[in-house]
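A.B. asks: Every letter in the sequence shown is one number past the one before it in the working numbering, and letter 124, counting from 1, is 200. Ideal placement from N, C-alpha and C gives every residue a C-beta, glycine not left out. Keep in mind that this is a model prediction, so the values were computed, not measured. This structure is in structure tokens; I'll ask about it shortly.
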Amino acid sequence: ERGLYLEALPTVRAAYECALTASWVSDSRDAPAAMFNENSRQHLNLTRAMARADSHVFRREAETTLPDVDTDQMQSIANAQARAFEQLCLALSPGGGDAYVIYRAMSASVHPSAVLTDHYLEDRPGTEAGVALLEDPNENETEAIWLHILVASMMWAARAFDVMHRD
């Protein structure tokens, strides 16, 4: 309602990613095992990073939580899909390729990038830098599309829940 599309985009992107992941899990018999494997792999990577951290707090915690797991404990042909969101999207049919393009478009304005920076800069000829930093991002009306993506994401997630929940 306030037109804060850019500010809301990280939340929209997270909702979208969760919704597509839920749809993938509900559509694939191999996805739950692949998600378990990926969670194990990510946990192991986190713990290893903690063990190498500068902070003794992280290193001490890593000693007590270092998992003894095989990151591919459960057989699944979907492990690559769980590891790479692009692969997960491509496994969705129809529209998986387009789903990834939408995700990349959102990512361009969420991650620190020139695309994000451009929203906060305005040309100012005659100034030393030639640009001015804006307090509020310059946006155009097409960014309202993200509201549509958020609503669609909520519907996809709800549908995936309906498919997976036996009641």
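Where do the N-terminal and C-terminal ends of the beta strand (DSSP E) with A208 fall, by residue?
C.D. replies: Counting from 1 along the sequence shown, the entry for residue 208 is found at position 132. Looking at the DSSP string, the run of the beta strand (DSSP E) that includes A208 is 207-209.
A.B. asks: Under the rule that 16 or more other beta-carbon atoms within 10 Å means buried, what is R242, buried or exposed?
C.D. replies: Reading the sequence shown from its first residue, position 166 is the one you call residue 242. With fewer than 16 other Cβ atoms within 10 Å, it is exposed.
A.B. asks: Can you tell me where the alpha helix (DSSP H) holding D199 begins and where it ends?
C.D. replies: The residue you call residue 199 lines up with position 123 of the sequence shown. Here D199 belongs to no alpha helix (DSSP H); instead the beta strand (DSSP E) covers 197-199.
A.B. asks: Measuring alpha carbon to alpha carbon, tell me which of W222, W232, A228, A190 ends up nearest P86.
C.D. replies: Here residue 86 is taken as the residue at index 10 of the sequence shown, counted from 1. Nearest C-alpha to P86: W222.
A.B. asks: Exposed or buried, which one is T141 when buried takes at least 16 other CB atoms within 10 Å?
C.D. replies: Within the sequence shown, residue 141 is the residue found at index 65, counting from 1. Per the 10 Å Cβ criterion, exposed.
A.B. asks: Helix or strand or just coil, what does DSSP make of M230?
C.D. replies: The residue you call residue 230 lines up with position 154 of the sequence shown. The answer is helix: DSSP assigns M230 an H, G or I state.
A.B. asks: Assuming A156 and A107 form a contact by the criterion Cβ under 8 Å, report the distance between their Cβ atoms to the nearest whole angstrom.
C.D. replies: Within the sequence shown, numbered from 1, the residue matching residue 156 stands at position 80. Within the sequence shown, numbered from 1, the residue matching residue 107 stands at position 31. Not really, about 12 Å apart at Cβ, beyond 8 Å.
A.B. asks: Please specify which runs of the alpha helix (DSSP H), each continuous and at least 4 residues long, are wholly inside the segment 85-139, giving them in chain order.
C.D. replies: With a minimum length of 4 residues, the continuous alpha helix (DSSP H) runs that stay inside the segment 85-139 are 107-127.
A.B. asks: Mark R105 as exposed unless 16 or more other C-beta atoms lie within 10 angstroms of its C-beta, in which case mark it buried.
C.D. replies: Here residue 105 refers to the residue found at position 29 when the sequence shown is read from its first residue. Flag for R105 reads exposed.
A.B. asks: Measure the C-alpha to C-alpha separation of A158 and D199 and round it to an integer number of angstroms.
C.D. replies: Within the sequence shown, numbered from 1, the residue matching residue 158 stands at position 82. Within the sequence shown, numbered from 1, the residue matching residue 199 stands at position 123. Going by the C-alpha atoms only, they are around 42 Å apart.
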